[in-house]
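The sequence shown maps to residues 0 to 118 in numbering that gives the first Met the number 0. All C-beta atoms in this analysis are idealised placements derived from N, C-alpha and C, irrespective of residue type, glycine included.
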Amino acid sequence: MPLPLHRRLQKHVAAWPWRRVGVLAGVSLVLALMLVGYLFGVSDHFFSRLFFAFLVLVWLLGVTFLAVVPFVTWATAHWFGRGWAEVSTPAPRARRAAPGASAARSISPPAASRRPQTR
């Protein structure tokens, strides 16, 4: 019996070299901060404004995905009904074969031979 997805993902993530991942993330963060510091300088409290802007962005994303999206999903299911929340597409109608049509497909002639003849 195959393992469930969360078990396979857990085994896969456990096999990662976390020390190397941490070192890479730390070096990337330091280099990014050094580049921002070089480009914009440390005057005018740039890093504190950047930090608080990042916190606001993370807060907005968290509120959106942890509160707003679940609420909208719940509201559509409870206020308007499940039929409204689900996308209903009409079932495609089966085509009927034309009477006298053979089961094998015929190959159509090239476009030049379908032109009306003018003799």
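Beta-carbon within less than 8 Å of residue i's beta-carbon, same chain only, minus the 5 sequence neighbours each way: which residues are those?
i	result
residue 12	none
Starting from residue i, trace the alpha helix (DSSP H) in both directions and tell me its first and last residue.
i	result
residue 42	First-last for residue 42: undefined, no H or E at that position.
residue 6	4 to 13
residue 125	Here the chain covers residues 0 to 118 and nothing more, so residue 125 does not appear.
Give the single residue among the options whose Cα lies nearest to the Cα of residue i.
i	options	result
residue 32	79, 70 and 45	45
Would you please state the rounded distance, in angstroms, between the beta carbons of residue i and residue j? I believe it to be under 8 Å.
i	j	result
residue 144	residue 49	Not covered by the structure: residue 144. The range shown for the chain is 0 to 118.
Who are the Cβ neighbours of residue i in its own chain at under 6 Å, not counting the five residues just before and after it?
i	result
residue 64	none
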